Amino acid sequence: MASAIGSLPQHPETTEKSRPVPENSEANGGAGCPAQDPDVGSHGADPLPGKKDLFIEADLMSPLDRIANVSILKQHEVDKLYKVENKPALSSNEQLCFLVRPRIKNMRYVASLVNADKLAGRTRKYKVIFSPQKFHACEMVLEEEGVFGDVSCDEWAFSLLPLDVDLLSMELPEFFRDYFLEGDQRWINTVAQALHLLSTLYGPFPSCYGIGRCSKMSYELWRKMGEEEDGETKGRRPEIGHIFLLDRDVDFVTALCSQVVYEGLVDDTFRIKCGSVDFGPEVTSSDRSLKVLLNAEDKVFNEIRNEHFSNVFGFLSQKARNLQAQYDRRRGMDIKQMKNFVSQELKGLKQEHRLLSVHIGACESIMKKKTKQDFQELIKTEHALLEGFSIRESTSYIEEHIDRQVSPIESLRLMCLLSITENGLIPKEYRSLKTQYLQSYGPEHLLTFSNLRRAGLLTEQAPGDTLTAVESKVSKLVTDKAAGKITDAFSSLAKRSNFRAISKKLNLIPRVDGEYDLKVPRDMAYVFSGAYVPLSCRLIEQVLERRSWQGLDEVVRLLNCGELAFTDMTKEDKASSESLRLILVVFLGGCTFSEISALRFLGREKGYRFIFLTTAVTNSARLMEAMSEVKA
Amino acid sequence: MDCYTANWNPLGDSAFYRKYELYSMDWDLKEELRDCLVAAAPYGGPIALLRNPWRKEKAASVRPVLEIYSASGLPLASLLWKSGPVVSLGWSAEEELLCVQEDGVVLVYGLHGDFRRHFSMGNEVLQNRVLDARIFHTEFGSGVAILTGAHRFTLSANVGDLKLRRMPEVPGLQSAPSCWTALCQDRAAHILLAVGPDLYLLDHAACSAVTPPGLAPGVSSFLQMAVSFTYRHLALFTDTGYIWMGTASLKEKLCEFNCNIRAPPKQMVWCSRPRSKERAVVVAWERRLMVVGDAPESIQFVLDEDSYLVPELDGVRIFSRSTHEFLHEVPVASEEIFKIASMAPGALLLEAQKEYEKESQKADEYLREIQELGQLTQAVQQCIEAAGHEHRPDMQKSLLRAASFGKCFLDRFPPDSFVRMCQDLRVLNAIRDYHIGIPLTYSQYKQLTIQVLLDRLVLRRLYPLAIQICEYLRLPEVQGVSRILAHWACYKVQQKDVSDEDVARAINQKLGDTPGVSYSDIAARAYGCGRTELAIKLLEYEPRSGEQVPLLLKMKRSKLALSKAIESGDTDLVFTVLLHLKNELNRGDFFMTLRNQPMALSLYRQFCKHQELETLKDLYNQDDNHQELGSFHVRASYAAEERIEGRVAALQTAADAFYKAKNEFAAKATEDQMRLLRLQRRLEDELGGRFVDLSLHDTVTTLVLGGHSKRAEQLARDFRIPDKRLWWLKLTALADLEDWEELEKFSKSKKSPIGYLPFVEICMKQHNKYEAKKYASRVGPEQKVKALLLVGDVAQAADVAIEHRNEAELTLVLSHCTGATDAATADKIQRARAQAQKK
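Chains as they are written, first to last, in the UniProt record's numbering: chain A, 1 to 632; chain B, 1 to 839.
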């Protein structure tokens, strides 16, 4: 077990190195090819040699930052960096390079720039680098705008970014909106490619489980890819025993809850971007803000990241005392010991000291913010919603929340949570909450509501019941395929969340006698103060226990995933017992830090080790923002 | 042994030449070779004959016949020549037959007489006719050089990439040159020509006269010239019967020979081996064949029949009506072994092995002799090498047996050379077979490479043999078997007499899932032959849907392409098809197609959202999707429209759509927004400031903050703002203004629907404890403790909590008891608790 696990931390890096794509095609982008690869250096890989300005889409900044710093960009003669936004560019450089997502909007931006230059009688060189891939539609737009000939294109096939020893991110936050709202399947291919890449690196996965339409499609596409170029993975010893694919829409509830585990709380409060966070002056207690990389390398963070927030402060102060004690040891030292201390320990202690002060600062700042917003009340309401009691009080709490204009995103989140846990809102409340919301935050949110409804996040209750009656009648009458189609049509209209029933089946609300001891967690519910076991994590736990979906038929049906849960086992004889303990969990549409913490806990309890692959790390605010319609 | 060297003819002291039969030809030629235009491809290639080319007077009635034979005389093709008179034939490096016509048009035929393409050697030729033409091979491919009636030369160095080059004029040239040839030097093609006693070299720029060094005097005309296979050497035959041999650069003379025959030879070709020092030229007359080199005597053969010479890399092929022979210099290894009384190690080893078979002790003696000299390794190598150069399998075998025998006495002899030779010979013997008819020598085979050989087998449609060779040599599937199967399939689809089903099935049966075979490529070929249905059937076998799509689009099966693209899961592909469909179908049909493909529809919608808003609207209209249509107009109302009137109009359209969608709520909300917009506009006009685009709540807040309480209340009534919201709103706004007087008035206006705790909270937020206390007293009993704690009145809070006998409240208060000041209170609570428990 130790070997497989011990070797893993390097693997995500080999992901980058063995496949030269992320770094080198980066160089293709003219942006950052590390100097370590001299023959790719000057002209081979740099498609736009010479001095240039780089325009980069906001979304891609953090990933690029993780890979290439400013000096690498400078090596590639990048003069100035611009953000791609809806403003005319003031660049005076003769060569412009764009690093963007393959989106029509971006193409129009590039086209407008080129056309403006044309009008001004200016000729420059333009290079567009698409990440992770180029789409035909983009070229099409360039063509329609009449600039196709002026622009050259390239791809940065960057698909996996290792954020931590157990966390790989595809850094595709737009996946969520594109797929779950717009029904756009463009990224499924990208996901399949990422899976394919992983299976070429780690050998085949002996058992695969998944739930959700997107999971199923990605899985099938990936399988097809494997078949097309088989031989590569064949005969390799599998290093990862199981893979579990999960659509975000299978479990919205968990993602919508306020996070109370330290890492999740930091994400909710300060927003972790690509594994690092900007702590503002209120944390650093100086006038500068500080960028901190949050991963297992940070020893202090590593110990508290999965802890419930209520323990964190105590832990930190204990740590501070220990540190002080270690500093204090030097008092009784003779010269030799002192020398030893300075040369060997002091550096580590100082580092720890620095980290400690950062996290204490962050904690203070979180506490301040959370008490201000009546965090306790909020959590209480959430728990009430999860457990399904005092719905009326919760509803009026939400109403007050809206009336007081506390936060548009928070209000929306609570409404969605109410809707999903209650199987939709009763019509009267549906209307009144919406009206209140529109009055508070503006009429354009009419579209937001339409989006939420389409995604099944905020729905109306009544027609659902009658519909199921009709549905069952219809399917009784007609047994052929047509009935299936009709049911499909209905189910898309009223996809019931059935949370209450699922919660009961899977025992998501732990029965607690007395206080839940958050210091010594008993189950995964600790990530939500002992009130709720994350549905997604419970599903994974159950399936791994059974090694299939057997016996979970009812749950699967309640999740509206009747045909969409799959198990695929191949022979396991080649897999070593260590690798069988290694599980890759793939979240399509994003996962939260709370889920990661919960599964890490499960891993410790059951002797598994989880690795996470997600389209992006998400939280409730990001989900809601993705659904919101905002004025441009 | 003696008889084996019987056909060896010495030339000078150091070299032997031998001639042996490759095939006896039974091609049943009706005419003499001399009556035909003949072209034979090098590397054992096919032979083309064009009969009757000169009977112009009868051209109308008797058309000439073009026939193609394998080197063994098996007919490959025969077709009636229907085009113009042909001047010259020649084979390209890809074994395509180039037929140069008098009018300068070059027709290209395949090995099986299938017409491929044609090209012209220039317009100038049209009037002047082509007098003579040569096809030659360069490192770029195959070239064509022509001599026109105006005595000008035009050449193209590569017919694959046709670039015509007109050579400069030769000054004073009145008649055709007595002989000429194309030369390739320094990666460029030149022409060498002889006019009377003079030689001229034509390059791109100029014409220069050249003189071969050491040319015997008295030459008044050159009758023949020959360039070696590698363009390194040149031979000239003069009217004095004198042959000059030297380098093609004309800088060095190698040797000369006087044969005393003044009659012009029919053909003269070089016969030399790569890496051999011997240089020899073969000269053929009607009935005589002569090999001349650097020796006073020549080798002479009598030709019984009309013969034709084909220069090869390492010798000369000579074919006639009845036989096909090969003449070459005996390779060193063979010479060492077979030379009479040779004591070379290989010769001894061969002898030893023979004695061994006879079970004679002499075997040991021979072997000992070699071993004493320490030459056993060399002996084995010699035998292996010599085996390669033998044509007869029995000789190959005996040599290999000797090698294998010798190997036994060697400790460490790497086996690969032996194994490879066995494999190569097996392949060579197979292709030399009469039925295949590719008489390659070992050196030619090595020069050609196995890949090219396989291509040539494929070209001859000898698929089974090619596959057997691949399997025998264990070539990787992708390069070997699959490639050949794919070629076979491409050939198969051209068989028009077989039905589509049968062809498709036959191909699938044979190909199955062989890796590296692209069904779409085969389908593309089928489509190229006009068999669309077959192409579609073949595409069904293509496992990668992505590969099916482009061809389906090309075949105008766009709808099928769409479903295949969707199957592939590649959105980009789907999009490509969509754009194709959009241009191909009319709008209505296009939309109908989309309707049945939700994935494609959503993709197209995404595109329209950004690029073609009007189309998006049409899409929604077509589907009667009023809900989306409404959303569309709502978005337009703030994204596209600037003027208030325009925005209101857009909203009106949206509201109508929502009504149609039976979404009363959205319709009402939209109408409210219209009202609000108009009102905001009026407010801006009357009061100044910004109101447009604020939410209702913010509008009212702005009014309150601006001191327009009346207006605010009016607005709240008009839009039926609930009391609670209004109270929250006013409370926040007044606290922000720090208008405590107004706040108090407001609090007393009627009973607060939100209670009084928020008043306390907000006052404390503004750090006004004095005001907060006022409201704390009015807070209802449930929240009283909280309120009192907020204003910091711990003692009173304790009293209230005790009075309530509420455990939770007591704990809460207790947690606020900090420091000495509250010690009394804490005591009090503890006592109360104790009392409560007693009860």
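Glycine included, each C-beta is placed from N, C-alpha and C at the ideal position. A quick note: this is a predicted structure, and the numbers were derived from the prediction, not measured.
* Asked: If you follow the alpha helix (DSSP H) that Tyr356(B) is part of, which residue opens it and which one closes it?
  -> Run containing Tyr356(B): Pro345 to Glu357, per the alpha helix (DSSP H) assignment.
* Give the single residue among Tyr209(A), Arg248(A), Val283(A) and Asp517(A) whose Cα lies nearest to the Cα of Glu545(A). => Checked all of Tyr209(A), Arg248(A), Val283(A) and Asp517(A); the closest Cα to Glu545(A) is Tyr209(A).
* Asked: Span of the alpha helix (DSSP H) holding Ile420(A)?
  -> Pro408 to Thr421
* Would Ala626(A) be called buried (16 or more neighbouring beta carbons within 10 Å of its own) or exposed? -> buried
* Asked: Does any C-beta atom of chain A lie closer than 7 Å to the C-beta of Met1(B)?
  -> Residue confidence is low: Met1(B) scores 43 on pLDDT, short of 50, so the model does not pin down where it sits. Its coordinate-derived value is still stated next. False, the Cβ-Cβ gap to chain A never drops below 7 Å.
* **Length-filtered (3 minimum) beta strand (DSSP E) runs lying within the region 84-130 of chain B** => If we require 3 residues or more, the beta strand (DSSP E) runs fully inside the region 84-130 of chain B come out as 86-91, 97-101, 105-109 and 115-120.
* Asked: For Ala626(A), which of helix, strand or coil comes out of DSSP?
  -> The three-state secondary structure of Ala626(A), taken from DSSP, is helix.
* To do: Whole angstroms is fine: what's the gap from Ser221(B)'s alpha carbon to His137(B)'s?
  => 27 Å
* To do: Could you tell me whether any Cβ in chain B is nearer than 7 Å to the Cβ of Glu444(A)?
  => yes
* Using DSSP with H/G/I as helix, E/B as strand and the rest coil, what is Gly210(A)? -> strand
* Identity of the residue in Glu444(A), Gln542(A) and Phe566(A) nearest Leu694(B) by Cα -> Leu694(B) has its Cα closest to that of Glu444(A), out of Glu444(A), Gln542(A) and Phe566(A).
* **Identified DSSP bridge partners for Glu312(B)** => Gly315(B)
* Asked: Where does Arg805(B) land, buried or exposed, given buried means 16+ other C-beta within 10 angstroms?
  -> exposed
* To do: In the DSSP assignment, find the alpha helix (DSSP H) that holds Trp187(A) and state where it starts and stops.
  => Arg186 to Tyr202
* **Under 7 Å between C-beta atoms of Glu102(B) and Val130(B)** => yes
* **Tyr437(A) at chain B interface by Cβ criterion, 7 Å** => no
* **Cβ neighbours of Pro10(B) in the same chain (closer than 6 Å, five flanking residues each side left out)** => Phe16
* Which residues mark the beginning and the end of the beta strand (DSSP E) in which Gly141(B) is found? -> Where Gly141(B) is concerned, the enclosing beta strand (DSSP E) stretches over Gly141 to Thr148.
* Any C-beta of chain B under 7 Å from that of Ala116(A) -> no
* Given a cut-off of 7 Å, decide if Ile409(A) and Ala621(A) are closer than it, judged by their beta-carbon atoms. => yes
* Closest Cα partner of Cys817(B) within the set Leu373(B), Ala798(B), Gln835(B) and Leu107(B) -> Ala798(B)
* Asked: For the alpha helix (DSSP H) that Gly388(B) lies in, which residues bound it at each end?
  -> That run of the alpha helix (DSSP H) goes Leu376 to His389.
* Counterpart residues of Asn9(B) in DSSP-defined beta bridges -> Tyr17(B)
* Whose C-alpha, out of Ala71(B), Leu485(B) and Ala776(B), is nearest the C-alpha of Val760(B)? -> The shortest C-alpha separation from Val760(B) is found at Ala776(B).
* **For Ala205(B) and Ser342(B), the rounded distance between their alpha carbons** => 55 Å
* Where Val141(A) meets chain B, residues with beta-carbon distance less than 7 Å -> Gln611
* Asked: Between the Cα of His353(A) and the Cα atoms of Glu605(A), Val300(A) and Ala157(A), which residue gives the shortest distance?
  -> Nearest of Glu605(A), Val300(A) and Ala157(A) to His353(A), Cα basis: Val300(A).
* Asked: Would you say Val585(A) and Phe612(A) are within 7 Å of each other, going by their C-beta atoms?
  -> yes
* Asked: Based on Cα-Cα distance, which residue from Val170(B), Asp685(B) and Leu164(B) lies nearest to Ala150(B)?
  -> Ranked by Cα distance from Ala150(B), the options Val170(B), Asp685(B) and Leu164(B) are led by Val170(B).
* Taking buried to mean at least 16 other C-beta atoms within 10 Å of its own C-beta, is Asp570(B) buried or exposed? -> buried
* **Any C-beta of chain B under 7 Å from that of Asp403(A)** => yes
* Cutoff 6 Å; reference Ala832(B); Cβ partners in own chain excluding five residues on either side -> Apart from the 5 residues on each side of it in sequence, Ala832(B) sits with its Cβ closer than 6 Å to the Cβ of Ile802 in its chain, given in chain order.
* **Separation of Leu731(B) from Ala712(B), as counted between CA atoms** => 13 Å
* To do: Along the alpha helix (DSSP H) that carries Trp488(B), what are the first and last residues, could you check?
  => Val481 to Lys492
* Taking only the alpha-carbon atoms, compute the straight-line gap between residue 634(A) and Ser131(A) and give it to the nearest angstrom. => No answer is possible for residue 634(A): it lies beyond the span of chain A, which begins at 1 and ends at 632.
* Distance CB(His626(B))-CB(Ala661(B)) smaller than 7 Å -> yes
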